[in-house]
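Structure first, commentary second.
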Amino acid sequence: MHLNPMQREAVMATEGPLLILAGAGSGKTTVLINRIYNILMFGSGSDSDYVPEWADGAAIDAMNGESEDAARLAAVNPCPPWQILAITFTNKAADELKSRLSAMLGPEGQDVWALTFHSACLRILRRDCEKLGYTSDFSIYDTSDTLSLVKRILKDNDIDDKKFSPKAMLSYISNIKDRMLTPDQFSQIADFEGDLYKKMVSKIYREYARRLFEADAMDFDDLILNTVRLFEEYGDVLEYWQHRFRYVLIDEYQDTNAMQFRFSELISGGRHNICVVGDDDQSIYKFRGATIENILTFEDRNPHCRTIRLEQNYRSTGTILDAANAVIRNNTERKGKELWTDHEKGDLIELYVAENEHEEAQYVAGQILKGYSQGENFRDYAVLYRKNAQSSSIEFALKRNGIPYRIYGGMKFFERAEIKDILSYLCVILSPNDNLRLERIINNPPRGIGAKSIETASEIAIKEGTYLFDVISRADLYPELSRPAIRMREFSNMINELKYFAQNNPPDAVFDELLNKTGYVRVLEEKNTIEDAARIENVKELKSGIISYMEESGDNTLAGYLASVALYTDLDNMDRDDDCVTLMTMHSSKGLEFPHVFLVGMEETIFPGAQALGDSTEMEEERRLAYVAITRAMKTVNLVCAMQRMIFGQTTSNRISRFVEEIPEELRHANVIPRGYAFSDRAGSSYRMKSESGFGADYNQFHGGSSYGSSGQRGYSQIHSSGNPDRPGSSIVLPAKKAEPAVISDINEGDRIKHRAFGEGTVVKLSPMGGDYLIEMAFDKVGTKKLMLKAAAQYIEKI
DNA sequence: CGCACCACAATTTTT
DNA sequence: TTGTGGTGCG
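Numbering (our numbering), first residue to last: 22 to 820.
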């Protein structure tokens, strides 16, 4: 009912291949949900001319009514939920699908397979991976695991890690896997080409694959690759799954790589009811092997394919869309698509040129506070950056200003050493042959089995063609191991006991038993440092994680829990209920939306990144990222850049990002700069500046120039562009050097103050701290806040 | 074996 | 600026 004609068409076209080109904010998820709903209720009814024999005039009349019977009559072969497979890229997207389906269908919605590629493959593999030689409890190596594995291989083989950097090896291996080449196949290629580098890569790859397999482990790529292999080598398995899924939907199709493409083709190969949704302009994962060709050639490969374009945007203002369209128009490799909206134009795109990264961050914090004081919520704001390293200055500014924020990215919790340790124990309990993890924990906590002993034992294992754990279990048989033999035996006994325990007890009990037997926490407690106390907390938190996994999934296998951890990312527990500003990379922001978006670090060599300069393919990818970032915004976009910033401890200055210049000037507003510590000249203010006044100019006009010169005069200085031959004489006006922050003169504990965002309150405490003051204020409405005075001063007034 | 110290490198994005 | 890995000492 509430769908536009294009959306409705996409919902109704249930049969055969379907390509949906869905622009940002075009209601894609709504379409997916409704499409699934339609399939569940009406089967192919909406896409079929079929009229059952029994359908007489009365029945057809009834269908035109609104009765429940009408629905039943319109259905042609309705589909049970478990015959639908909906693949997304992130767990978050999958969860959203699931919960919206459940909201619509009740518990039945849970039976739809709404999963990521990785978790779908995991499920398929758990069932049949024995055919490939893995146990059904196989474990998953995450990126840091695979990195240590490669490092290990390089070391064991005396390979120079400068010439063959572990990271480069990993991405090379990932690339080989994406081409679905086995170690044998790749080494043939390397031999044939006689390329020494490739030969070495081939050797490393072979070893890498071997060790993973011996550890009964798969990396992320293996999950997909092995599923494809399973399908290709075992016709009955493929048939089973093809039969199982009547309808296959794949979201974010532009981000699929070759293996994922193959997977999609295979699993939908029976009925060809495959619906792929994507947007070539939002393809930002090429570095991970995604090939935009998958979506660009979908029509050619599927002759009877129908294509539907969703170009009406329901998210953003007209200005934001115009800006996004203008930027993406500079790309040549695209299907061509213009988003439009019937929303009003809205605010102009704000641009702020900051002095350095600190001021950049302070600007962001200030704008957020300003908005907050005008009734916006913190959760309406997102600060997006190109790379994670940029988050720290923003974080710092938000902290100082008492703005709650949440930062996404990485897997901070599960990457902590103590967490990895415990998880490694759990992995070893499942599979003692997992050497990588075994070596991580064998002497942790210290139990007198040193590096030398392990090395000796490893050599024996290799010589005898058995596993390290095996040798350790029988250490007393080897004279070389006579000294650590007892301790090794003790260790292996402990693991075996735990293994036995794990066979009869749920994961949370195993966890307790593990801590008890290993004394992991006990050792930390004895150390009694603050860091160790934090570690203990983390370990305890892990237990609640285990319990909630068991509750939520209804699964009580250790292998299941470990896999869920491996496939978990920080983004997943994003919840919009907390009133927090969101900090994340532009990549992570895909699929999300926020009323107000800040894009920071809009500078050449940052965004676009240095690697993209002079490489048009890379540059187009960066531009798509810019497109994604801009289209996250519903109401306002703030572009921020800094004239100078510290990179690797060095001050550098970059030109303004080309993406800023690609936004037509009439859509931009070079904004009023918040006047630094402008209270100095505010009448009635009780503060005094220590040194000079703030800016002489209120405006920061920006004319699309591209190069910064040096500033330094009072007031503002005009800088002529020197680096952009296309626009001779274009100039930018920048704020002059900013005055030193003020120091308080007469604010005291007990004073009544008014804060722009937090309202009125009382100064509770004022304590000197690093050349500044920590001011603690009890606000009448929002409770107590601790802020640094230098930063907060501009928002505080004495009353 | 554990710790402190030093040199050095490295910086993209993530399932 | 940060993190990592190696070395040498007690």
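From the three backbone atoms N, C-alpha and C, an ideal C-beta is built for every residue, glycine too. Being a predicted model, the structure only gives us computed values, none of them experimental.
Could you give the C-beta distance for residue i and residue j, rounded to a whole number, given that I count them as a contact under 8 Å?
{"i": "Leu170", "j": "Ala584", "result": "Actually they do not touch by this definition, with Cβ atoms about 18 Å apart."}
{"i": "Asp321", "j": "Arg355", "result": "So it is not a contact: roughly 16 Å between Cβ atoms."}
{"i": "Arg200", "j": "Ala141", "result": "Contact doesn't hold; Cβ gap of about 22 Å is too wide."}
{"i": "Ala654", "j": "His690", "result": "Incorrect: roughly 14 Å between the Cβ atoms, too far for contact."}
{"i": "Leu489", "j": "Ala478", "result": "6 Å"}
{"i": "Ile651", "j": "Val348", "result": "7 Å"}
{"i": "Phe615", "j": "Asp401", "result": "6 Å"}
{"i": "Glu332", "j": "Glu365", "result": "18 Å between Cβ atoms; not a contact."}
{"i": "Ile305", "j": "His608", "result": "6 Å"}
Along the chain, where does the alpha helix (DSSP H) that runs through residue i open and close?
{"i": "Trp134", "result": "It is not in any alpha helix (DSSP H) - Trp134 instead sits in the beta strand (DSSP E) that spans 134-137."}
{"i": "Ile370", "result": "No alpha helix (DSSP H) holds Ile370; the beta strand (DSSP E) holding it covers 370-375."}
{"i": "Cys601", "result": "Careful: Cys601 lies outside any alpha helix (DSSP H) and carries neither H nor E."}
{"i": "Ser479", "result": "472-485"}
{"i": "Lys775", "result": "No alpha helix (DSSP H) holds Lys775; the beta strand (DSSP E) holding it covers 773-776."}
{"i": "Arg173", "result": "164-177"}
{"i": "Cys448", "result": "438-451"}
{"i": "Glu572", "result": "551-574"}
{"i": "Met190", "result": "187-199"}
{"i": "Leu519", "result": "506-525"}
Going along the chain, which residues of its own chain have a beta-carbon closer than 7 Å to the beta-carbon of residue i, five neighbours each way excluded?
{"i": "Gln395", "result": "none"}
{"i": "Ile568", "result": "Asp529"}
{"i": "Ser67", "result": "Met33, Thr35, Asn59"}
{"i": "Gly771", "result": "Thr783, Val784"}
{"i": "Leu191", "result": "Thr167, Leu168, Val171"}
Could you spell out where the beta strand (DSSP E) holding residue i opens and where it closes?
{"i": "Gln632", "result": "Segment: none, Gln632 is in no beta strand (DSSP E) and carries neither H nor E."}
{"i": "Asp240", "result": "238-240"}
{"i": "Asn59", "result": "Element bounds for Asn59: not the beta strand (DSSP E) but the alpha helix (DSSP H), 49-63."}
{"i": "Gln671", "result": "671-673"}
{"i": "Met125", "result": "That residue, Met125, is in no beta strand (DSSP E); its alpha helix (DSSP H) goes 112-126."}
{"i": "Lys656", "result": "654-663"}
{"i": "Thr328", "result": "327-331"}
{"i": "Pro616", "result": "615-620"}
Could you tell me if residue i is buried or exposed, where buried requires 16 or more neighbouring beta carbons within 10 angstroms of its beta carbon?
{"i": "Met239", "result": "buried"}
{"i": "Ala382", "result": "buried"}
{"i": "Thr318", "result": "exposed"}
{"i": "Asp242", "result": "buried"}
{"i": "Met623", "result": "buried"}
{"i": "Arg773", "result": "exposed"}
{"i": "Gly469", "result": "exposed"}
{"i": "Ser637", "result": "exposed"}
{"i": "Pro453", "result": "buried"}
{"i": "Gln3", "result": "No statement about residue 3 is possible, as the shown extent of the chain runs from 22 to 820 and does not include it."}
{"i": "Tyr521", "result": "exposed"}
{"i": "Gly725", "result": "Reliability of the predicted coordinates at Gly725 is poor, the pLDDT of 31 falling under 50, and the value obtained from them is presented with this limitation in mind. The residue in question, Gly725, is buried, as its Cβ has 16 or more Cβ neighbours within 10 Å."}
{"i": "Trp361", "result": "exposed"}
{"i": "Met667", "result": "exposed"}
{"i": "Thr864", "result": "Nothing can be reported for residue 864: it is not among the residues displayed for the chain, which extend from 22 to 820."}
{"i": "Asn675", "result": "buried"}
{"i": "Pro187", "result": "buried"}
Pull up the distance between the alpha-carbon of residue i and that of residue j, whole angstroms please.
{"i": "Val97", "j": "Lys219", "result": "55 Å"}
{"i": "Leu53", "j": "Asp272", "result": "9 Å"}
{"i": "Gly733", "j": "Ser610", "result": "Low per-residue confidence applies at Gly733: pLDDT is 27, beneath 50, and the placement is therefore not dependable enough to give any value."}
{"i": "Met62", "j": "Glu286", "result": "26 Å"}
{"i": "Ala345", "j": "Leu447", "result": "48 Å"}
{"i": "Ala778", "j": "Cys662", "result": "25 Å"}
{"i": "Tyr499", "j": "Met515", "result": "20 Å"}
{"i": "Ala230", "j": "Asp442", "result": "23 Å"}
{"i": "Gly581", "j": "Gln671", "result": "46 Å"}
{"i": "Leu604", "j": "Lys807", "result": "21 Å"}
{"i": "Asn25", "j": "Arg56", "result": "14 Å"}
{"i": "Leu153", "j": "Leu251", "result": "7 Å"}
{"i": "Ile627", "j": "Asn196", "result": "26 Å"}
{"i": "Gly471", "j": "Ile440", "result": "22 Å"}
{"i": "Gly256", "j": "Arg265", "result": "14 Å"}
{"i": "Leu563", "j": "Leu122", "result": "30 Å"}
Excluding the five sequence neighbours on either side, which residues of its own chain have a C-beta within less than 6 Å of the C-beta of residue i, listed in chain order?
{"i": "Ala704", "result": "With a pLDDT of 28 at Ala704, under the threshold of 50, the predicted position of this residue should be treated as unreliable, though the coordinate-derived value follows. Same-chain partners within the cutoff: there are none."}
{"i": "Asn315", "result": "Thr277, Phe282"}
{"i": "Arg556", "result": "Glu439, Leu545"}
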